[in-house]
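Novice: Below are the structure tokens for one structure; questions will follow.
Number of protein chains: 2
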Amino acid sequence: VNGEQAYIRWLRQRWVAHPRVLVGPGDDAAVLTWPSDRSVVVTTDMLMEGTCFVLAQAGARRVGRKALAVNLSDLAAMAARPVACVVSVALPQVGGRAVAEELYLGMEELSKAFDIPIVGGDTNSWSGPLVIAVTALGECGPRGPVRRRGAQAGDWLLLTGPLGGSLLGHHLTFTPRVREALTLVDLVRVHAMIDISDGLSTDLAHLCQESDCGACVEAALLPIRPEAEQFDDGRSPLEHALHDGEDFELLFAVSPEDGASLLADQPLQPLGVHLYRIGSCRSEKTLTLILPDGRSQPLVPRGYEHRLD
Amino acid sequence: VNGEQAYIRWLRQRWVAHPRVLVGPGDDAAVLTWPSDRSVVVTTDMLMEGTCFVLAQAGARRVGRKALAVNLSDLAAMAARPVACVVSVALPQVGGRAVAEELYLGMEELSKAFDIPIVGGDTNSWSGPLVIAVTALGECGPRGPVRRRGAQAGDWLLLTGPLGGSLLGHHLTFTPRVREALTLVDLVRVHAMIDISDGLSTDLAHLCQESDCGACVEAALLPIRPEAEQFDDGRSPLEHALHDGEDFELLFAVSPEDGASLLADQPLQPLGVHLYRIGSCRSEKTLTLILPDGRSQPLVPRGYEHRLD
């Protein structure tokens with residue numbers, strides 16, 4: 001009685017009709033309506049037990065939540081509005097049903113908060129560690145997507161929140177900056193944007209490489225999470241903030257005029273989010289860190305990268 | 310030098326512009342244009358090493374091909390036209406780059422054949438077995454999707470090809486019935502459709518359950534692949550054809566009139582595909598197998614189901 005099909009019946013019982021969903025879970029594929037002036041934004045992320053989380057510590061519910069949250073963060077980085085998602089899982093055979101339900105309940109929490117129905121998936125079991133892959137679809141209105149490319153020399157670099165020490169818990173509980181991104185593109189022209197997943201140093205390098213520019217970051221301006229100070233690993237809180245990753249804050253480039261007005265007005269305050277200026281883009285294609293004492297040094301990308309020998 | 314970023318550079322060098330793709334690989338998400346009268350069809354499937362394939366036997370290239378092919382088969386089952394796909398992988402750390410390239414080349418083969426660009430993904434490495442999850446997007450025109458529900462008592466059940474013994478190789482090399490499905494919905498009203506992934510007995514049960522009907526299958530009409538006879542496991546070729554799964558043929562229900570004309574005209578012959586009638590739907594909500602000698606017996610779903618204790 002306890003198998004894939006019983007779980008799918010449980011899922012379908014939880015299904016709630018949604019105006020955008022013509023066909024939901026339980027067919028060969030899901031079908032969505034799509035308004036005529038909107039492009040389709042699609043992103044996917046996979047989390048693997050032991051690499052992206054420790055199941056016994058995190059609990060399956062927070063893993064499910066994170067699996068959707070990281071995808072929502074990617075949609076936010078494009079300034080896209082979430083529409084629907086699908087999820088593939090490789091579950092343990094023993095205890096897999098309970099894990100499946102907890103994963104789902106964790107996803108469902110964000111699914112409801114961001115109105116992104118879970119319209120389908122693929123449920124598997126095996127003898128390996130837990131793997132969950134979510135694909136999220138979003139839509140862009142006439143303003144179009146915001147890309148990594150588009151930053152210009154002189155642009156201010158703004159950040160939606162403090163960085164560092166995410167491993168101590170934030171990576172499982174963060175709120176993806178979807179509403180923040182949509183608010184920002186309504187107010188100003190965002191030239192380029194990325195979410196901080198691999199670490200500020202690495203993600204800033206991505207943004208600059210795509211935009212064909214460089215940047216300087218002022219250490220004194222960088223907001224640092226208190227958790228970044230709770231390590232005894234010989235690395236400073238600043239180093240944690242620069243390189244840890246999984247912060248899932250948005251880093252974006254705007255004109256100095258727009259930047260100044262955003263800093264003054266703090267339009268994301270109703271969402272509980274403070275905007276920080278951390279530096280500027282420049283034409284010289286290098287990354288520089290200006291230390292609090294005024295000295296400067298190269299900012300070397302040292303964020304997370306998957307090894308592939 | 311050999312890491313995720315180097316692989317992504319390799320991927321982006323292979324990227325070819327596509328009229329539907331506004332943003333391809335290398336940003337936080339991909340962006341597609343979408344025509345105004347078409348719904349979005351989305352499906353996802355995950356393949357895990359050791360469960361869905363043996364990497365040393367299959368080779369990564371055929372695994373990549375299969376990962377996309379099973380998704381194309383799901384799009385075909387909805388009579389959707391492929392538009393784009395994304396792929397998430399968990400690769401081995403040692404030798405992972407070579408595996409990644411082979412997976413990609415296997416996907417690329419089908420990507421080109423079915424005009425479904427690989428617009429993005431997530432590349433990870435870990436110490437576990439290879440996992441690949443593909444999500445495919447398709448579109449439906451004004452005829453809308455064909456669902457599992459919709460079959461009516463009296464409908465003929467047709468099949469696009471012989472079944473059984475797929476494990477001996479067909480599951481890695483099959484051609485998803487995308488063109489066949491699109492041709493069929495242009496010619497007749499297909500009441501309900503499903504692809505045979507879990508096994509005819511199980512997938513027919515799905516179609517009947519969704520359609521609120523039953524069916525009888527005539528064993529004498531069932532086309533059986535020669536490979537179904539190459540087992541020495543005490544199960545007959547008929548049993549292999551009924552329950553093996555991973556055939557990825559389409560099973561569909563049409564009116565007897567449409568069924569008769571499809572059988573007479575064989576409109577898929579230019580695609581190398583012969584249509585077979587294997588039985589009928591009926592109002593009594595059970596599945597029956599009519600044996601070659603005329604006796605009948607219940608057809609019990611014994612196809613593949615993932616265990617979840």
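As they're listed, the protein sequences go chains Y and V.
Take the first sequence: its letter number 136 is residue 136 in my numbering, and every next letter is one higher.
Every number in my numbering is 309 more than the matching position in the second sequence, counting from 1.
Glycine included, C-beta positions come from ideal geometry on N, C-alpha and C.
Please read all numbers here as calculations on a predicted model, not as lab measurements.
Helix, strand or coil: how does DSSP classify V:S382 here?
Specialist: Here residue 382 of chain V refers to the residue found at position 73 of the second sequence. The answer is helix: DSSP assigns V:S382 an H, G or I state.
Novice: With respect to 7 Å, is the separation between the Cβ of V:V325 and the closest non-hydrogen atom of the ligand GDP below this value?
Specialist: The ligand GDP is not part of this structure, which contains no ligands at all.
Novice: Hey, does Y:C213 have any beta-carbon neighbour from chain V nearer than 8 Å?
Specialist: Here the question's residue 213 of chain Y lines up with position 213 in the first sequence. No, no contact with chain V.
Novice: At a CB-CB cut-off below 9 Å, which residues of chain C make contact with V:W319?
Specialist: The displayed structure is made up of protein chains Y and V, and chain C is not among them.
Novice: Please report the residue range of the beta strand (DSSP E) in which Y:E284 lies.
Specialist: The count along the first sequence starts at 1 and reaches residue 284 of chain Y at position 284. Per DSSP, Y:E284 belongs to no beta strand (DSSP E) and is neither H nor E.
Novice: Using a Cβ-Cβ cut-off of less than 9 Å, list which residues of the region 331-353 of chain V approach chain Y; keep chain order.
Specialist: Hits within the stretch, in order: L331, V332, G335, D336, D337, A338, A339, V340, L341, T342, W343, P344, S345, D346, R347, S348, V349, V350, V351, T352, T353.
Novice: Closer than 7 Å, Cβ to any Cβ of chain V: which residues of the region 181-209 of chain Y, in chain order?
Specialist: Per Cβ criterion, the list reads I194, D195.
Novice: Can you find a CB in chain Y that lies within less than 8 Å of the CB of V:C590?
Specialist: Here residue 590 of chain V corresponds to residue number 281 of the second sequence, with the count starting at 1. Taking Cβ atoms only, chain Y never reaches closer than 8 Å to V:C590, which makes this a no.
Novice: Note down, one range per segment and in chain order, each alpha helix (DSSP H) of at least 4 residues found wholly within the region 464-527 of chain V.
Specialist: Listed in chain order, the complete alpha helix (DSSP H) runs (minimum 4 residues) inside the region 464-527 of chain V are 479-482, 487-496, 509-520.
Novice: Take the Cβ of V:A369 as the centre, count every other Cβ of all protein chains shown within 10 Å, and call the residue buried at 16 or more, exposed below.
Specialist: On the second sequence, position 60 is the one that residue 369 of chain V refers to. Buried, since its Cβ has 16 or more Cβ neighbours within 10 Å.
Novice: Determine the burial state of Y:W10: buried for a count of at least 16 other Cβ atoms within 10 Å of its Cβ, exposed for fewer.
Specialist: On the first sequence, residue 10 of chain Y is found 10 positions in, with the first residue counted as 1. Exposed, because fewer than 16 other Cβ atoms sit within 10 Å of the Cβ of Y:W10.
Novice: If you measure between the beta carbons of Y:V122 and V:T353, is that distance less than 8 Å?
Specialist: Walking along the first sequence from the start, residue 122 of chain Y turns up at place 122. Walking along the second sequence from the start, residue 353 of chain V turns up at place 44. It is Asp, not Val, that sits at residue 122 of chain Y in the sequence shown. In contact: Y:D122 and V:T353 (Cβ atoms closer than 8 Å).
Novice: Of all Cβ atoms in chain V, is any one closer than 8 Å to the Cβ of Y:Q5?
Specialist: Residue mapping note: residue 5 of chain Y aligns to position 5 of the first sequence, counting from 1. At least one chain V Cβ lies under 8 Å of Y:Q5.
Novice: Give me the chain Y residues within the contact set of V:V395, using Cβ-Cβ distance strictly less than 8 Å, ordered along the chain.
Specialist: Within the second sequence, the letter at position 86 stands for residue 395 of chain V. Chain Y residues near V:V395: V42, T43, T44, T135.
Novice: For V:V455, which three-state DSSP category applies?
Specialist: Residue mapping note: residue 455 of chain V aligns to position 146 of the second sequence, counting from 1. It is coil, neither helix nor strand.
Novice: Less than 8 Å between the C-beta atoms of V:P485 and V:V350, yes or no?
Specialist: For the purposes of this step, residue 485 of chain V is taken as residue 176 along the second sequence, with counting starting at 1. For the purposes of this step, residue 350 of chain V is taken as residue 41 along the second sequence, with counting starting at 1. No, the Cβ-Cβ distance between V:P485 and V:V350 is not below 8 Å.
Novice: Between Y:R147, Y:E239, Y:V16, which lies nearest to Y:E210 when the distance is taken from Cα to Cα?
Specialist: The sequence position of residue 210 of chain Y within the first sequence is 210, counting from 1. The residue with the shortest Cα to Cα distance from Y:E210 is Y:R147.
Novice: Who does V:D336 pair with in a DSSP beta bridge?
Specialist: The residue given as residue 336 of chain V occupies position 27 in the second sequence. V:D336 is not bridged to any residue.
Novice: Within 8 Å (strictly less), CB to CB, does V:L400 reach chain Y?
Specialist: Counting from one through the second sequence, the residue named residue 400 of chain V turns up at place 91. V:L400 counts as touching chain Y.
Novice: Hey, quick one: how far does the alpha helix (DSSP H) through Y:G96 stretch, first residue to last?
Specialist: The residue given as residue 96 of chain Y occupies position 96 in the first sequence. Y:G96 -> alpha helix (DSSP H) spans 96-113.
Novice: In whole angstroms, give me the CA-to-CA distance for V:R323 and Y:E180.
Specialist: Numbered from 1 along the second sequence, position 14 holds the residue referred to as residue 323 of chain V. Numbered from 1 along the first sequence, position 180 holds the residue referred to as residue 180 of chain Y. Answer to the nearest angstrom: the Cα atoms are 34 Å apart.
Novice: Count the other CB atoms within 10 Å of the CB of V:R498; is the residue buried (16 or more) or exposed (fewer)?
Specialist: As a first step, residue 498 of chain V is located in the second sequence; it is residue number 189 there, counting from the start. It counts as exposed.
Novice: As a quick exercise: from V:T492, V:V440, V:E411, pick the residue whose alpha carbon is nearest that of V:A389.
Specialist: Looking up residue 389 of chain V in the second sequence gives position 80. Nearest option by C-alpha distance: V:T492.
Novice: Taking C-beta pairs closer than 7 Å, name the residues in chain Y that V:P438 reaches, listed in chain order.
Specialist: Here residue 438 of chain V refers to the residue found at position 129 of the second sequence. Simply G128.
Novice: Given 8 Å as the limit, is there contact between the region 132-145 of chain Y and the region 198-213 of chain Y, that is, 3 or more CB pairs closer than that?
Specialist: No, the region 132-145 of chain Y does not touch the region 198-213 of chain Y.
Novice: For V:A445, which of helix, strand or coil comes out of DSSP?
Specialist: As a first step, residue 445 of chain V must be located in the second sequence, where it is residue number 136. Residue state, collapsed to three classes: strand.
Novice: Relative to the C-alpha of Y:R235, which candidate in Y:R302, Y:V21, Y:V99 has its C-alpha closest?
Specialist: Mapped onto the first sequence, residue 235 of chain Y falls at position 235. It is Y:R302.
Novice: Pairing CB atoms from the region 419-438 of chain V with CB atoms from the region 456-473 of chain V, are three or more of them under 8 Å?
Specialist: Output reads no: the region 456-473 of chain V does not touch the region 419-438 of chain V.
Novice: Note the first and the last residue of the continuous beta strand (DSSP E) segment covering V:P607.
Specialist: Working through the second sequence from its first residue, we reach residue 607 of chain V at position 298. Element bounds for V:P607: 605-607.
Novice: Which residue comes first and which comes last in the alpha helix (DSSP H) that contains V:R301?
Specialist: Residue 301 of chain V cannot be examined here, being either before or after the span of chain V that is shown, 310 to 618.
Novice: Taking 8 Å as the CB-CB limit, is Y:H306 close to chain V?
Specialist: The residue given as residue 306 of chain Y occupies position 306 in the first sequence. At least one chain V Cβ lies under 8 Å of Y:H306.
Novice: Could you spell out the range, first to last residue, of the alpha helix (DSSP H) harbouring Y:S261?
Specialist: Working through the first sequence from its first residue, we reach residue 261 of chain Y at position 261. From DSSP, the alpha helix (DSSP H) with Y:S261 extends over 256-265.
Novice: Where V:H552 and V:E614 are concerned, what is the direct C-alpha to C-alpha distance, given to the nearest angstrom?
Specialist: Within the second sequence, numbered from 1, the residue matching residue 552 of chain V stands at position 243. Within the second sequence, numbered from 1, the residue matching residue 614 of chain V stands at position 305. If you take the alpha carbons of V:H552 and V:E614, they lie about 11 Å apart.
Novice: Which same chain residues, not among the five before or five after V:A442, have their C-beta less than 6 Å away from its C-beta?
Specialist: For the purposes of this step, residue 442 of chain V is taken as the residue at position 133 of the second sequence. Closer than 6 Å at the Cβ level, and outside the excluded window around V:A442, lie M355, S397.
Novice: Against chain V, does Y:L75 count as a neighbour if the rule is that its beta carbon must be under 8 Å from one of theirs?
Specialist: Sequence index remark: in the first sequence, residue 75 of chain Y carries index 75 (1-based). By this cut-off, Y:L75 is an interface position.
Novice: Using a Cβ-Cβ cut-off of 8 Å (strictly less than) and excluding sequence neighbours within five positions of V:L577, which residues of its own chain qualify?
Specialist: Indexing the second sequence from 1 puts residue 577 of chain V at position 268. Within the same chain, V:L577 has close Cβ partners T469, E489, T492, L493, H583, L584.
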